[in-house]
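The next block holds one structure in the form of structure tokens; read it before the comments.
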Amino acid sequence: MFSDSSVFFRQIAGRCFKNRKKFSIKSIKEGVAKAKPFDTLFIHSGLYKEQNILVEKTLSLIGVDNPVLDGENKFEVLTIDANSVLVTGLTIKNSGYSSMKDLAGIKVMNSRQFLIKNNTLINSYFAIHIANCDNFRIENNTIRGTPGTDEQSTGNAIHLWKCQYASIKNNDISGHRDGIYFEFVENSHIEKNNSYNNLRYGLHFMFSNKDSYIDNKFTDNGAGVAVMFSNHISMYYNLFSMNRGASAYGLLLKEISDGDIKDNMFENNTTGVLMEGTNRLHITKNSFYKNGYALRVQASCSNNTVHDNNFNGNTFDVATNGSLVLNNFDGNYWDKYEGYDLKRDGVGDVPYRPVSLFSMVTENIPIASIFIRSLIVFLLDRSEKIIPSIAPENLVDNKPLMKPVAL
Amino acid sequence: MNKIVKYIMLDILKSKVVIAYLVFLMVTGFSIFNLDENTSKGLISLLNIILFIVPLVCLIYATIYIFNSSEFIELLTAQPVSRKKLITSIYAGVVLSLTLAFLIGIGLPILLFTPDATGFIFLLAGILLTLIFTSLAFLGSIVTKDKAKGIGVAIFIWLFFTILYDGLLLLLMFQFGDYPIEKPLMILTTFNPVDLARILILIHTDYAALMGYTGALFNEFLGSQKGTITILLILLIWIIVPTMIAVRKFRKKDL
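Going down the list, the sequences are from chains C and X. Residue numbering for the first sequence follows the numbering used here, starting at 655 and increasing by one per position. Residue numbering for the second sequence follows the numbering used here, starting at 16 and increasing by one per position.
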């Protein structure tokens, strides 16, 4: 969104190098050493075990017929420290594991205007690790990690640290700690990625501002997306599904402000959206379908507006942990709403209270969830709806919609 | 024995109460699914019918049937049929007609609107509850002497298992909420067939919410195949034990 126009590549002005067998140059390292800046290196098919390949000049590395670069589980495979580098068509596997250094399949540092495209990264510790770079694109890569038993045993698939104007598009990511990780990344854009089966988060923001992610799929991760300590993040048209478990969320928002959450689909998650210490978020036109808890809004959130969303088939619509409510929930569609509309203006005449007594109970005594749908619970919820005593009085939709919002 | 079962089923069909039950189930079933295009919401309304209406009808109908046909039963005891055979055939006759009514009444809407695993579990839970509460009704009406008392017992059984028991467990849970009460609570729920049926269905409909906190317990036990089988086995015990006690009591009963 922000960076498309700013990333560009210089026309290849240099000579072309070919290597392997019938070619004079047998190794990538040799090719890189012999090349002059702005040359193109064609890497032909074969297995290259070359330990750490360091690229310190502007080169285009193009894989022909799927060459495989093997890190033998010990080494970083490709390290790039130069501007305007192109890496495409490579299969990189078995980058080493280290708890001291962030070894990666492809590491880029202190560079600008590069493109990493159409690569396959298998069994890496970190797959693509970018540090202190700007104006670059990571597109159409396939990344398959080997998830260990705990979060420390594997790194992030696409890891960005202190970057700007990045575009991450059409990648297919699974089996890492975080699918995509942003730390101090600004003005960047994430689009049409598919991130699934990751140990921790499908996408993780830390201290990253003014970024956007659009039209991505986050399925079956520890949590779909975690946005923490960030502001001005736009989240549009994403799918969050099947993120299940004791601390699993479709979208985890922690200490963030001024974000926009629009046109997303949350389905079959244990918790659709968890909000903790969030300010001034706009949550509109989202669909919450068949989640355990659609929204979990902690009392530490303020000035958030939730409107024009559809809540369908969730066990609990909204849960909260205190009586303080500083957010606005007016104008949503709730399938559990039982009011009437005598004025025929499409807005219910009686307010709807999305927090049920029983969701307050399960907040305090988790095992109570085995009583869901019991008749006694139904009766208690009913009496609570008529005379609210435990559920927060202010958490109420004064303008509940009679019909679902067309999305 | 088959003759008695056949005769009782014909007798029940003639009385039209079971037909009315069938029609009621079918009408509510269809209207629930037609009212809302969102079938998951329809299934929840259906859950209430299965958990509360089915036990009530089974209890009351079976009790009244036994008391109304007491003279017929007395007559049959004069025949060369063992009492065990007699009571089990009557049980089979009543249960078969009630199950049939349920299967057609609820099964048809489910088959048309949600023909999947969840729908199948709903049907299974309903059939098991029919069997359990009919046998409880038999036990209740064999133990009691007069009709009024019998119906009273039936209503109490229904109230106890649908509302009172859960109320007591909730009270217990609130009182001992600070202690590790997960296991005892889970064990206590097995003493209530309605709770068991409810949990069996919950696993298939509200699993996402159940994973919220009790993840470990639910995942390891109830969420697995093992959990479903265990619940089904306990429900079977709930059918067999009351029936056996009822048969034993009937054999020694002074008619």
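The beta carbon of each residue, even a glycine, is placed where N, CA and C say it ideally should be.
- Query: How many angstroms separate the CA atom of G141 of chain X from the CA atom of F117 of chain X?
  - Reply: 8 Å
- Message: With DSSP as the reference, identify every bridge partner of L907 of chain C, one or two as the case may be.
- Response: C:V881 and C:M929
- Message: DSSP three-state label for G192 of chain X, please.
- Response: coil
- Out of curiosity, what's the CA-to-CA distance linking I716 of chain C and D989 of chain C? 54 Å
- Task: Assign L187 of chain X to one of three DSSP states: helix, strand, or coil.
- Result: Looking at L187 of chain X - three-state DSSP - the assignment turns out to be helix.
- Query: How big is the Cα-Cα spacing for I23 of chain X and T103 of chain X?
  - Reply: Computed Cα separation, rounded: 12 Å.
- Do R950 of chain C and L935 of chain C have their C-beta atoms closer together than 7 Å? No, these two residues do not count as a Cβ contact at 7 Å.
- Message: How far does the beta strand (DSSP E) with I1044 of chain C in it extend, from its first residue to its last?
- Response: Neither: I1044 of chain C is in no beta strand (DSSP E) and is coded neither H nor E.
- What is the C-beta distance between E845 of chain C and I868 of chain C, in whole angstroms, given that I count them as a contact (C-beta under 8 Å)? Yes, they are in contact, since the Cβ atoms of E845 of chain C and I868 of chain C sit about 5 Å apart, within 8 Å.
- Rounded Cβ spacing between N863 of chain C and S884 of chain C (contact assumed at less than 8 Å): 6 Å
- Message: Helix, strand or coil for N1018 of chain C? Go by DSSP, reduced to three states.
- Response: DSSP, read as helix, strand or coil, puts N1018 of chain C in helix.
- Message: In the DSSP output, what is V1001 of chain C paired with across the bridge?
- Response: V1001 of chain C pairs with C:L1055.
- Residues near D719 of chain C by beta carbon distance below 7 Å, same chain, minus five either side: H698 and S699
- Task: Would you kindly check if the distance between the Cβ of N964 of chain C and the Cβ of V1059 of chain C is under 7 Å?
- Result: Yes, the pair counts as a contact, with Cβ atoms nearer than the cut-off.
- Query: If we count the other Cβ atoms within 10 Å of its Cβ and call it buried at 16 or more, is M754 of chain C buried or exposed?
  - Reply: exposed
- Those runs of the beta strand (DSSP E) which lie wholly inside the segment 678–743 of chain C and span at least 3 residues: 693–697, 707–709, 713–717, 722–724, 732–734 and 740–742
- May I have the straight-line CA-CA distance separating F265 of chain X from A973 of chain C, to the nearest angstrom? 53 Å
- Message: Between K56 of chain X and chain C, is any beta-carbon pair separated by less than 7 Å?
- Response: yes
- Among the residues of its own chain, which have a CB less than 6 Å from the CB of A212 of chain X, if the five just before and after it don't count? A140 and L144
- Message: Our contact map puts I125 of chain X next to F137 of chain X with C-beta atoms below 8 Å; I'd like the distance itself, whole angstroms only.
- Response: 6 Å
- Please report the residue range of the beta strand (DSSP E) in which N982 of chain C lies. Per DSSP, the unbroken beta strand (DSSP E) holding N982 of chain C starts and ends at L980 to N982.
- Message: Using a 10 Å radius around the Cβ and a threshold of 16 neighbouring Cβ atoms, would you call K761 of chain C buried or exposed?
- Response: buried
- Message: Quick check on DSSP: helix, strand or coil for V960 of chain C?
- Response: Correct three-state label for V960 of chain C: strand.
- Query: Taking Cβ positions, are G833 of chain C and G809 of chain C nearer each other than 7 Å?
  - Reply: no
- Task: On the DSSP bridge assignment, give the partners of A785 of chain C in chain order.
- Result: C:M763 and C:W815
- Query: Based on the DSSP output, what are the partners of A35 of chain X in its beta bridges?
  - Reply: Paired residue(s): none; A35 of chain X is not in a bridge.
- Task: Sort out for me which residues DSSP pairs K160 of chain X with in a bridge.
- Result: Answer by DSSP bridge pairing: none, since K160 of chain X is not bridged.
- Compare the beta carbon distance of I47 of chain X and S60 of chain X with 7 Å and say whether it is the shorter of the two. Closer than 7 Å, so yes.
- Query: L1029 of chain C CB to nearest chain X CB: under 7 Å?
  - Reply: yes
- Contact check, R791 of chain C vs S765 of chain C, beta carbons under 7 Å: no
- Could you tell me whether any Cβ in chain C is nearer than 7 Å to the Cβ of D181 of chain X? yes
- How is the alpha helix (DSSP H) around H219 of chain X delimited, first residue to last? Where H219 of chain X is concerned, the enclosing alpha helix (DSSP H) stretches over P208 to T220.
- Message: Tell me the rounded alpha-carbon separation between K939 of chain C and L906 of chain C.
- Response: 18 Å
- Task: Using 6 Å as the cut-off, classify the Cβ of L980 of chain C as near or not near the heavy atoms of the ligand HEM, replying yes or no.
- Result: This structure lacks the ligand HEM; in fact it carries no ligand of any kind.
- Task: Could you spell out where the beta strand (DSSP E) holding R798 of chain C opens and where it closes?
- Result: T796 to R798
- Message: Would N794 of chain C and N824 of chain C be called neighbours here (beta carbons separated by less than 7 Å)?
- Response: Contact annotation: N794 of chain C and N824 of chain C have beta-carbon atoms nearer than 7 Å.
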